[in-house]
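Enquirer:
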Amino acid sequence: MALHDDITDITGLRVGHDTNLEAGTGCTVILCDLPARAGVDVRGGAPATRETDLLRPLHLVEEVHAIVLTGGSAYGLDAASGVMRYLEERQIGLDVGVARVPIVPAAALFDLPFGSATIRPDAAAGYRACEQATAEAVAQGNVGAGTGATVGKRHHFRFAMKGGIGSASTQLPDGTLVGAIAAVNSWGDILDPQTRQVIAGSRASEHEEIDLSSPFSNTTLAVVATSASLTKEEVNKVAQMAHNGLALTIEPAHTMFDGETVFALALGSQQQAPVHSALAAYQVSMIGAAAASTLARAVVKGIRQASDLHGIPATRN
0 MALHDDITDI TGLRVGHDTN LEAGTGCTVI LCDLPARAGV DVRGGAPATR ETDLLRPLHL
60 VEEVHAIVLT GGSAYGLDAA SGVMRYLEER QIGLDVGVAR VPIVPAAALF DLPFGSATIR
120 PDAAAGYRAC EQATAEAVAQ GNVGAGTGAT VGKRHHFRFA MKGGIGSAST QLPDGTLVGA
180 IAAVNSWGDI LDPQTRQVIA GSRASEHEEI DLSSPFSNTT LAVVATSASL TKEEVNKVAQ
240 MAHNGLALTI EPAHTMFDGE TVFALALGSQ QQAPVHSALA AYQVSMIGAA AASTLARAVV
300 KGIRQASDLH GIPATRN
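When you line the sequence shown up against numbering that gives the first Met the number 0, it's residues 0 to 316, in that order.
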């Protein structure tokens, strides 16, 4: 199987975007065509999320049917309703006896200052993203949830540079695949983790004062996934470890003005034989470490693939 170096290298995942370049916003859906155990870790101080509590250990639901990353701040969470409708029409969801309820966690980033503040992803946008979903190579840059993404806003939005959506994958020595997709919309600057040099960030001079009059146009969102079979507790640990990829590439990360949220998916067959506890812990640790480094590459790819839009310049590096 030829790999694309993106999250769709994980069998069972399809990615679709809905993009509104004029309004400067959009949404991205990750559809799970195979059973997917899910976890989440929210680290930023200003998150906008939907259906995240059910992903934590001690809660009943084990699997999800899609994840939505969206622009539009809290308004954009409505895109998940369109994804639910798409899945319900195909009789996909948790069987509760009288109906099948699609489980569709979502997280939103704040892109209202970019383009139009009154046009946001809605249920129709989420449905259209599902119709565009493919297991082929993922479109990156100014698409989907990355359409209105910007970075480097610690001084003021007017000094920002263009962010975007990026995706990457890694194959471990035992054949396990790990993928990531990230919509990069940070208050801080973006660093190349190899060189530690800024590749996109605030264009203000070092003498420019910090302006906190409108600091909330931020939040980087991500999904990491693996072909391995993991328990709900283990996949939540992978989500936790994957945040290291954001810390490697965003300076500063996890501020009170960001709402960084990382979802994790495990699509391996639950019929696999149980392994020794120490070996299982080792497997989770290796997958979590790979998720972090893969997410870091996805962040950089999202920045590299972005282009100028609405007067906000993209990196030239």
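For every residue, glycine included, the Cβ atom is placed at its ideal position computed from N, Cα and C. Everything numeric in this text was worked out from a predicted model, so none of it was measured.
Given a cut-off of 8 Å, decide if Val183 and Ala327 are closer than it, judged by their beta-carbon atoms.
Expert: Missing from the structure shown is residue 327; the chain here goes from 0 to 316 and no further.
Enquirer: Should Ile286 be labelled buried (16 or more other beta-carbon atoms within 10 Å of its own) or exposed?
Expert: buried
Enquirer: Run through DSSP, which three-state label would Val142 get?
Expert: coil
Enquirer: Mind checking Pro172: buried by the 16 CB within 10 Å criterion, or exposed?
Expert: Pro172 should be labelled exposed.
Enquirer: By Cβ distance, which residues of its chain are closer than 7 Å to Asn243, with the 5 residues on each side in sequence left out?
Expert: In its chain, beyond the 5 residues on either side, Ala291 have a beta carbon closer than 7 Å to the beta carbon of Asn243.
Enquirer: Hey, Ser168 and Asp8: beta-carbon distance below 8 Å or not?
Expert: yes
Enquirer: For a minimum of 4 consecutive residues, which ranges assigned as the alpha helix (DSSP H) are wholly contained in the segment 106-163?
Expert: 122-130
Enquirer: Contact check, Gly114 vs Cys26 under 8 Å by CB: the rounded distance?
Expert: So it is not a contact: roughly 14 Å between Cβ atoms.
Enquirer: Is the CB-CB distance between Val63 and Ala45 below 8 Å?
Expert: no
Enquirer: Quick check: what's the CA-CA separation for Ser185 versus Ile91?
Expert: 34 Å
Enquirer: Is Ser168 helix, strand or coil when you go by DSSP?
Expert: strand
Enquirer: Can you have a look at Pro56 and say buried or exposed, based on whether 16 or more other CB atoms are within 10 angstroms of its CB?
Expert: exposed
Enquirer: Over what stretch of residues does the beta strand (DSSP E) that includes Gly15 continue unbroken?
Expert: Leu12 to Asn19
Enquirer: Buried or exposed for Asp94, going by 16 or more other Cβ atoms inside 10 Å?
Expert: Burial call: exposed.
Enquirer: With distances taken Cα to Cα, identify the nearest neighbour of Ala203 among Pro192, Ala65 and Met160.
Expert: Met160
Enquirer: What would DSSP say about Ala313, mapped onto helix, strand or coil?
Expert: DSSP places Ala313 in coil when its eight states are reduced to three.
Enquirer: Under a Cβ-count criterion, where at least 16 other Cβ atoms within 10 Å of its own Cβ denotes burial, should Ile209 be classed as buried or exposed?
Expert: exposed
Enquirer: Between the Cα of Arg99 and those of Glu88, Asp40, Gly140 and Gly187, spot the shortest distance and give me the residue it belongs to.
Expert: Looking at the Cα atoms, Glu88 is the closest of the given residues.
Enquirer: My output table needs one value for Arg84: the three-state DSSP class, helix, strand or coil.
Expert: helix
Enquirer: Quick check on the burial criterion: 16 or more other C-beta atoms within 10 angstroms. Buried or exposed for His16?
Expert: buried
Enquirer: Would the C-beta of Gly23 count as close to the ligand NAP, meaning under 7 Å from any of its heavy atoms?
Expert: The ligand NAP is not part of the structure shown, which contains no ligands of any sort.
Enquirer: May I have the straight-line CA-CA distance separating Asp77 from Asp121, to the nearest angstrom?
Expert: 5 Å
Enquirer: Throw me the rounded Cβ distance for the Thr260 and Pro192 pair, which I believe falls under 8 Å.
Expert: Not really, about 20 Å apart at Cβ, beyond 8 Å.
Enquirer: Provide the residue span of the alpha helix (DSSP H) that contains His242, from first to last.
Expert: Lys231 to Thr248
Enquirer: Give the straight-line distance between the Cα atoms of Val150 and Ala277, rounded to the nearest whole angstrom.
Expert: Taking the straight line from one Cα to the other gives about 40 Å.
Enquirer: Ala181 bridges to which residues according to DSSP?
Expert: Paired residues: Gly165 and Ala221.
Enquirer: Just reading off the alpha helix (DSSP H) that Thr293 is part of, what are its end residues?
Expert: Ser276 to Gln304
Enquirer: Applying the 10 Å Cβ sphere with the 16-neighbour rule, what's the burial state of Ser306?
Expert: exposed
Enquirer: Considering only their Cβ atoms, is the gap separating Thr24 from Ile118 smaller than 8 Å?
Expert: yes
Enquirer: For Ala144 and Phe109, what's the separation of their Cα atoms in angstroms?
Expert: 10 Å
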